[in-house]
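Trainee: Note that the numbering used here has the sequence shown beginning at 853, numbered continuously upward.
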Amino acid sequence: MIRTRGLRGLVVALFAACAAMAATSAAYADPTGAQSTLTAVTGQGVGLVIVSPTSAGQGTFDARVKVTIHDAAPNTTFTVTRAVDPADGVCTSTEFVTVATLTTSAGGAGAVEFERSGGPTMSFDLFLRVIGDDGSVLESACMTIIGK
C-alpha cells in the first residue's frame, strides 16, 4: 500500500513538471520573428537566416538579423541581399539590395549578424538571396515579418 502511494505521488509530480515546462516554453515564443533555411540553387552551401524584430525602434522598424552558412567552399565571400514586398505570404519582388557580407572559413562556414532599422512598423514579406564570389547562390523561403 505504501509503495502504491509513493508511485502515485511520483507520477503526479512528473506530470506537473512536464505541464509546467510546456507552459513555460509557450510563454517565450515570439510570434513576430521568422527564420528560414538557406538552400543552394547553384553551387554549394546551406544555411539559416533568423530575423528577430525588436522594440528598439520606438515607432519605426528595428530587427536583428543573423545569417549562417556551412558546407560552402572555403574562403568564399558571400553578399547577403534582400527583397521586400507587401505582406501576403508570396515574395514577388526582384529588387534586391545588399545588406551585409560574410566570408567563409577554411572549413566552409561563416556567419554575420546585423541590425536593420528604419521605416514604419508594419508587416512585410522578406526574401534573402546570398551570393558567393565562387558563383554559389543560396536562397531563403518567403518570410512574413511583423514589426513591433
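Ideal placement from N, C-alpha and C gives every residue a C-beta, glycine not left out.
Could you pull out every residue in the same chain whose Cβ sits closer than 8 Å to the Cβ of V964, ignoring the five residues on either side in sequence?
Mentor: K918, V919, V932, A952, T953, L954, listed in sequence order.
Trainee: Excluding the five sequence neighbours on either side, which residues of its own chain have a C-beta within less than 6 Å of the C-beta of G897, listed in chain order?
Mentor: Counting only Cβ-Cβ distances below 6 Å, and skipping sequence neighbours, we find I921, D923, A924, S988, L990.
Trainee: Please name the residue or residues paired with V982 in a DSSP beta bridge.
Mentor: V932, L990.
Trainee: Classify V893: buried if its beta carbon has 16 or more other beta carbons within 10 angstroms, exposed otherwise.
Mentor: V893 is exposed by the Cβ-count criterion.
Trainee: What does A963 pair with, by DSSP beta-bridge criteria?
Mentor: A963 is bridged to T920.
Trainee: Between which residues of its own chain and F930 is the CB-CB distance below 6 Å, once the five residues before and five after are set aside?
Mentor: For F930, where only same-chain residues beyond five positions count, the Cβ hits under 6 Å are L954, V982, G984.
Trainee: Taking DSSP as the reference, what is the three-state secondary structure of I904?
Mentor: First, the amino acid is wrong: residue 904 is Ser here, not Ile. It is a strand residue.
Trainee: Given A961, which residues of its chain have a CB within under 6 Å of its CB, disregarding the five upstream and five downstream residues?
Mentor: So the list reads H922, once near-sequence residues are dropped.
Trainee: In three-state DSSP terms, what is C870?
Mentor: With a pLDDT of 45 at C870, under the threshold of 50, the predicted position of this residue should be treated as unreliable, and no value is reported.
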